[in-house]
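**Q** Quick mapping for you: the protein sequence lines, in order, are chains P and R.
Under our numbering, think of the first position of the first sequence as 30, with each following residue one higher.
Under our numbering, think of the first position of the second sequence as 30, with each following residue one higher.
Ideal Cβ placement from N, Cα and C applies to all residues, glycine included.
Before we start, here is the structure in question, set down as structure tokens.
2 protein chains.
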Amino acid sequence: MSDALDTLEHDNLGSTVYRLLSNALIEGRLKPGERLKIRELAARLGTSVTPVRDAILRLVQEQALTMKSARDIRVPHMTVARYLEIRTIRIRLEGLAAEMAAQRADAAQIAQLEELVRQNQQAIADGDIARGCDLNQRFHFALVDIAGMPFLQGILFRIWLQMGPLIAEVYAAGGDDMLDYHYPLLAAIRAHDGAAAARAIGDDLLYGGQVILQHLQNAAAADAAPADDDQPTA
Amino acid sequence: MSDALDTLEHDNLGSTVYRLLSNALIEGRLKPGERLKIRELAARLGTSVTPVRDAILRLVQEQALTMKSARDIRVPHMTVARYLEIRTIRIRLEGLAAEMAAQRADAAQIAQLEELVRQNQQAIADGDIARGCDLNQRFHFALVDIAGMPFLQGILFRIWLQMGPLIAEVYAAGGDDMLDYHYPLLAAIRAHDGAAAARAIGDDLLYGGQVILQHLQNAAAADAAPADDDQPTA
DNA sequence: ACAGCAAATATGATGCATCATAATTTACTG
DNA sequence: CAGTAAATTATGATGCATCATATTTGCTGT
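Written as structure tokens, this is what we have:
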């Protein structure tokens with residue numbers, strides 16, 4: 030379900046480490062600002078530094094990690110500008126995915142989406158924010174999967190690599206999971222109405238992401254007038 | 030002008046090799062199906078295998094190169110399905126870029142675009158297909174640059190990594206450079222009409238890319254009923 | 001005690017040796 | 001001569017040693 034874009038990829042140890050770190054990023058197990066050390070990771074994973082270096086270099090390349098100076102590998106902080114740009118791109122791209130998914134989805138796939146929303150509803154009722162967050166992400170992935178666009182899936186996977194740490198941060202700060210906009214999306218897909226599906230996912234990203242934007246703007250403000258936050262930006 | 034997405038990237042030898050190979054791909058100096066050997070490249074570039082391996086692994090990761098078996102690194106062949114998917118994505122993404130560019134472009138930037146089109150016109154008049162091809166690509170890059178969306182630029186750069194070898198192949202087979210649709214695009218940008226600009230670039234990709242699609246379909250047909258082409262697909 | 005320099009340490013970069021294995025060549029047998 | 005099997009070669013994977021350098025620690029002199 031989650032292993033997108035691995036199509037045809039020759040499997041070496043580096044790829045395994047890459048997937049490991051990717052999942053850690055997407056699931057928010059790596060926090061923005063957190064530093065990574067190649068040797069340490071290698072020791073932890075029981076490999077030499079080579080595959081770890083491979084993986085990290087790949088993640089740096091797609092900007093899922095940054096390397097300001099040679100010795101300083103960390104999970105990047107999201108900026109407001111970057112978030113807005115990514116949001117705009119996601120609206121186009123996930124809109125496309127939703128449109129295609131609405132056209133193509135069969136009964137089983139629709140049921141799968143409904144099940145994800147149902148579980149998400151349950152998670153929210155249980156107050157299990159982390160699970161809700163995870164299910165939300167899986168819903169978005171499932172949509173792209175149904176759209177049947179593997180290349181698009183790769184692009185969106187890379188985008189999620191960037192969103193993971195941010196979303197985890199926001200949820201840790203008490204952000205609410207936004208499920209509201211998934212219902213109209215489901216309705217549009219059931220009706221095979223591509224345009225409506227695209228609109229719905231746009232709403233989801235715009236309004237559902239409002240909490241995230243707020244969080245970023247607060248962080249930016251706190252950064253401009255530094256009080257005593259936990260991260261004094263080095 | 031051409032070095033997109035290198036923002037903040039810590040420069041190591043691997044990145045240099047990556048850029049080298051990227052340029053080779055985008056400029057069509059690597060043909061679809063062509064095989065790459067790490068040791069050979071390292072020898073040619075006068076480095077050890079490590080940086081070359083770094084670079085190649087990164088390119089494999091973003092599917093600009095494939096690695097079917099561990100020993101078999103090559104420039105991938107484009108398929109019709111993949112081309113159509115990428116075209117759809119490009120229409121959304123470059124449409125977005127054109128829209129933003131139309132809104133933001135100042136006089137100097139518009140002049141820059143006009144200059145590129147003028148040079149392209151000249152190149153076509155001179156029958157210099159390769160140069161026309163290069164200028165066409167630079168026009169598209171310039172547009173994204175003007176749009177001021179660095180993240181989008183990265184995505185589109187990766188897409189061009191895939192298009193490069195294909196376009197070179199088509200032009201080698203006598204494909205015509207399509208400049209026609211750049212004029213309405215320029216007009217839309219001059220008028221700061223985002224929607225019209227997006228439509229124009231969509232037309233450019235759809236109709237201008239017709240030659241490419243034709244080429245791919247011919248290749249696919251020849252592959253299904255193999256006569257005596259130069260590439261019998263291994 | 002503090003400023004400034006020096007030694008030690010940490011850490012990514014690079015090169016390279018070795019390994020495993022797939023592709024190719026060679027050689028032997030019938 | 002043909003076919004098969006063994007040997008050789010080619011080539012990426014992996015580990016690791018070494019290097020360069022940024023950072024930290026600690027010593028020395030005023």
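Answer yes if the stretch 155 to 170 of chain P comes into contact with the stretch 246 to 254 of chain P, meaning at least three C-beta pairs across the two stretches below 8 Å, and no otherwise.
**A** no
**Q** Mind listing the chain P neighbours of histidine 169 of chain R? Cutoff is C-beta to C-beta under 8 Å, in chain order.
**A** Ordered by position in chain P, no residue passes the 8 Å Cβ test against histidine 169 of chain R, which lies about 17 Å from the chain.
**Q** Give a yes or no on whether the C-beta atoms belonging to glutamate 14 of chain P and valine 104 of chain P are separated by under 8 Å.
**A** The displayed coordinates of chain P run from 30 to 263. Any statement about residue 14 of chain P would go beyond what the structure contains.
**Q** Can you tell me the Cα-Cα spacing of aspartate 205 of chain P and lysine 97 of chain P, whole angstroms?
**A** So the two alpha carbons sit approximately 33 Å from each other.
**Q** Are the CB atoms of isoleucine 175 of chain P and arginine 133 of chain P within a distance shorter than 8 Å?
**A** yes
**Q** Out of curiosity, what's the CA-to-CA distance linking leucine 70 of chain P and glycine 57 of chain R?
**A** 38 Å
**Q** Counting beta carbon pairs with one atom in the stretch 235 to 242 of chain R and one in the stretch 206 to 214 of chain R, are three or more of them shorter than 8 Å?
**A** yes
**Q** Tell me, please, whether the CB atom of isoleucine 241 of chain P is closer than 8 Å to any CB atom in chain R?
**A** no
**Q** Under the three-state reduction of DSSP, which class applies to leucine 49 of chain P: helix, strand or coil?
**A** helix
**Q** Per the contact definition of three or more C-beta pairs closer than 8 Å, is the stretch 46 to 55 of chain P in contact with the stretch 187 to 202 of chain P?
**A** yes
**Q** Could you give the first and the last residue of the continuous alpha helix (DSSP H) run that contains asparagine 247 of chain R?
**A** 239 to 253
**Q** For proline 213 of chain P, report the span of its alpha helix (DSSP H) as first-last.
**A** 211 to 219
**Q** Go through its chain and collect everything with a Cβ distance to tyrosine 47 of chain R's Cβ below 6 Å, but skip five positions before and after it.
**A** Ala84, Arg87
**Q** Give the interface partners of threonine 117 of chain P over in chain R, defined as CB-CB distance under 9 Å, in chain order.
**A** Leu125, Met129, Met178, Leu181
**Q** Does the pairing of the stretch 107 to 125 of chain P with the stretch 122 to 129 of chain R give three or more beta-carbon distances under 8 Å?
**A** yes
**Q** Out of curiosity, what's the CA-to-CA distance linking glutamine 92 of chain P and glutamate 91 of chain R?
**A** 13 Å
**Q** What did DSSP end up calling arginine 64 of chain R once you bin it into helix, strand or coil?
**A** strand
**Q** What's the call for serine 77 of chain P, buried or exposed, on a 16-neighbour Cβ count within 10 Å?
**A** exposed
**Q** Serine 31 of chain P CB to nearest chain R CB: under 8 Å?
**A** With a pLDDT of 40 at serine 31 of chain P, under the threshold of 50, the modelled position of this residue cannot be trusted; read the value that follows with caution. So, not an interface residue.
**Q** Taking all protein chains shown into account, decide if alanine 131 of chain R is buried (16 or more other Cβ within 10 angstroms of its Cβ) or exposed.
**A** buried
**Q** Run through DSSP, which three-state label would methionine 207 of chain R get?
**A** coil
**Q** State the DSSP-derived secondary structure class of alanine 33 of chain P, mapped to helix, strand or coil.
**A** For alanine 33 of chain P, the pLDDT reaches just 38, beneath the cut-off of 50, and the residue's location in the model is therefore unreliable, leaving the point undetermined.
**Q** With 16 other CB atoms within 10 Å as the buried threshold, where does glycine 156 of chain P fall?
**A** Within a 10 Å sphere around the beta-carbon of glycine 156 of chain P sit fewer than 16 other beta-carbons, which makes this residue exposed.
**Q** Rank R:Pro61, R:Leu164, R:Gly75, R:Lys60 by C-alpha distance to the C-alpha of glycine 43 of chain R and give the top, closest one.
**A** R:Gly75
**Q** Could you give the distance in angstroms between the alpha-carbon of alanine 216 of chain P and the alpha-carbon of alanine 136 of chain R?
**A** 46 Å
**Q** Between the Cα of glycine 223 of chain R and those of R:Leu59, R:Asn41, R:Pro61, R:Met129, spot the shortest distance and give me the residue it belongs to.
**A** R:Met129
**Q** If we ignore side chains and look at the alpha-carbon of each, how far apart do alanine 253 of chain R and aspartate 233 of chain P end up?
**A** Their backbone Cα atoms lie some 44 Å apart in a straight line.
**Q** Output, in chain order, the set of chain P residues within a Cβ distance shorter than 8 Å of glutamate 114 of chain R.
**A** Per Cβ cutoff of 8 Å: Met178, Pro179, Phe180, Leu181.
**Q** Give the secondary structure of arginine 121 of chain P by DSSP, where H, G and I count as helix, E and B as strand, and everything else as coil.
**A** helix
**Q** I'd like to confirm the pairing. Which residues does DSSP put opposite methionine 96 of chain R in its beta bridges?
**A** R:Ile102
**Q** Distance cutoff 8 Å, beta carbons only. Does isoleucine 85 of chain P sit that close to anything in chain R?
**A** no
**Q** Excluding sequence positions up to five away, which residues of its chain have a Cβ less than 6 Å from the Cβ of arginine 187 of chain R?
**A** Counting only residues of its own chain and dropping the five nearest sequence neighbours on each side, arginine 187 of chain R has a CB closer than 6 Å to the CB of Glu91.
**Q** Would you kindly work out how many angstroms separate the C-alpha atoms of threonine 79 of chain P and lysine 60 of chain R, rounded to a whole number?
**A** 30 Å
**Q** Grouping DSSP H, G and I as helix and E and B as strand, with all else coil, what is alanine 140 of chain P?
**A** Alanine 140 of chain P falls in the helix class under three-state DSSP.
**Q** I need the boundaries of the alpha helix (DSSP H) containing asparagine 165 of chain P, first residue and last residue.
**A** 158 to 176
**Q** Under 8 Å, CB to CB, which of the residues in the stretch 86 to 103 of chain P have a partner in chain R?
**A** Leu86, Arg87, Val89, Gln90, Glu91, Gln92, Thr95, Met96, Lys97, Ser98, Ala99
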